[in-house]
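Going by UniProt numbering, the first residue of the sequence shown is number 1, and it counts up by one from there. For every residue, glycine included, the Cβ atom is placed at its ideal position computed from N, Cα and C. Before any comments, here is the structure.
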Amino acid sequence: MKPQIKQLNVYQPGKTAEELQTELGINGEMMKLSSNENVYGPSPAVQRALQQALKNLHEYPDSSGRALKQTIAAHYDVAEASILLGAGLDEVIMMLSRAILRPGDVILTSDQTFVQYQHHAVIEDCTIVTAPLTDGKFNLTALSAKISADTALIWLCNPNNPTGNYFSEEELTAFLDQAGDIPVVLDEAYAEYVTATDYPDSFALRAAYPNLIILRTFSKAYGLAALRVGYAVSSDDWTYLWHHVKLPFNVTSLSLAAADAALQDQSYLTTVQQRNAVERQRYFASEVSKYLLPSQTNFVLVETEDIKQLNDYLLDASIIARPTPAGVRITIGTAAQNTVVIKALEDYFA
Ligand SMILES: Cc1ncc(COP(=O)(O)O)c(C=O)c1O
């Protein structure tokens, strides 16, 4: 067995509402705001696509995911050959790590970011070099100072999970100019929620930076977390190579059909984006804003000295949040849910 896997922890998902109800003896309904899911659910077009796809459960899925790739390619004006589909970005992150990393390689990323980048680097027996976040976003100046001849792969998360803040296109291009031809993965899982106008237009940057690998998912703004679909867009040559580590039928027919329908319903996505932006603004207009890091996502990160105490307080108020080393992360819910959460936070800090 690879000795390094003994130092890892098995991923601990947040507890379900049912588990916590039993554990805490709470009778009423609990609000699950711990996994940055889309509280509005997916487009109604997804239900119809699933009904149709249910007719073919006896057949293997299209291994190439051709129809979904065509829709993604048309949407972002990229070549189908540049797209790698995975069972969620979790699988895409695993495939990229498996394809790129050799034992002893160095990966570069930030402290307090999405844990899977480091998890797979450990499995591949690599060294992890990090720079601290600044104000909840990647500090690309600090990160570029750590690039060395041994750096094999760089992971950027924008906006960052669990903190929610983002870096601009200007910051990104200055960094990419330093990275040379090292593969730079740009995880944009929350991109659809961003309203900042200086957020990078990553797809437009691909021509100038062929080492850029963009990650997107259907789990967040498209509301399909249960169906597990994510993808990478990189140069055609690299994407061809990544396919050698892909399992033949990694994305199910139901998932392919649902993601395709979701991407085609951009007016529904706009509704989700607008609702989230309005609700996000309510947090920042409230008394608790001084405890929040800036957010361009569907969650807020509450900074506090006693993370466990705040998390327990919220649980007592039937709010399931996510304690992280950086603070307590809370998914932005529906208007009614946010009224309850903001009031609970105000009471706590009062
Ligand atoms: C930054 C980031 N990347 C990737 C993922 C994985 O997403 P999925 O596997 O659901 O596509 C998440 C999920 O929370 C995330 O926050």
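Quick one: grab the DSSP three-state call for residue i.
i           : result
residue 94  : helix
residue 42  : coil
residue 88  : helix
residue 247 : coil
residue 61  : coil
residue 206 : coil
residue 22  : helix
residue 323 : strand
residue 218 : coil
residue 110 : strand
residue 334 : coil
residue 228 : coil
residue 315 : helix
residue 122 : helix
residue 129 : strand
residue 213 : strand
residue 101 : coil
residue 150 : coil
residue 286 : coil
residue 12  : coil
residue 166 : coil
residue 145 : coil
residue 171 : helix
residue 190 : coil
Count the other CB atoms within 10 Å of the CB of residue i; is the residue buried (16 or more) or exposed (fewer)?
i           : result
residue 288 : buried
residue 240 : exposed
residue 78  : buried
residue 5   : exposed
residue 117 : buried
residue 296 : buried
residue 284 : exposed
residue 202 : buried
residue 148 : exposed
residue 1   : exposed
residue 233 : buried
residue 28  : exposed
residue 187 : buried
residue 71  : buried
residue 269 : buried
residue 170 : exposed
residue 87  : buried
Kindly give me the distance between the Cβ atoms of residue i and residue j, rounded to whole angstroms, as I take these residues to be in contact under 8 Å.
i           : j           : result
residue 33  : residue 330 : 5 Å
residue 231 : residue 85  : 5 Å
residue 30  : residue 318 : 5 Å
Would you list the residues sitting across from residue i in a DSSP beta bridge?
i           : result
residue 140 : Note: residue 140 sits in no beta bridge, so no partner.
residue 155 : 185
residue 83  : 233
residue 329 : 301 and 322
residue 32  : 320
residue 176 : Looking at the DSSP assignment, residue 176 forms no beta bridge with any residue, so it has no partner.
residue 197 : In DSSP, residue 197 forms no bridge with anything.
residue 292 : 302
residue 134 : 137
Taking 9 Å as the threshold (beta carbon to beta carbon), is residue i in contact with chain B?
i           : result
residue 124 : No chain B appears in the structure shown, which is made up of a single protein chain.
Exercise. Pair every Cβ in the region 246-265 with every Cβ in the region 165-180, then say whether three or more of these pairs are closer than 8 Å.
Key: no
*Are there three or more Cβ pairs, one per stretch, closer than 8 Å when the region 337-347 is compared with the region 306-317?*
yes
**Prompt:** Taking contact to mean at least 3 C-beta pairs separated by less than 8 Å, is the region 268-277 in contact with the region 114-131?
**Reply:** no
State whether the region 202-214 contacts the region 37-57, with contact taken as three or more CB pairs (one from each stretch) at a distance under 8 Å.
-> The region 202-214, when compared against the region 37-57, does not touch it at the 8 Å Cβ threshold.
Could you check whether the region 206-219 touches the region 52-62, counting it as contact only if at least three pairs of C-beta atoms, one from each stretch, sit closer than 8 Å?
Too few Cβ pairs lie closer than 8 Å, so no.
Contact between the region 92-112 and the region 253-262: three or more CB pairs below 8 Å? No, they do not touch.
(Q) With three or more C-beta pairs closer than 8 Å as the rule, is the region 153-160 touching the region 99-111? (A) yes
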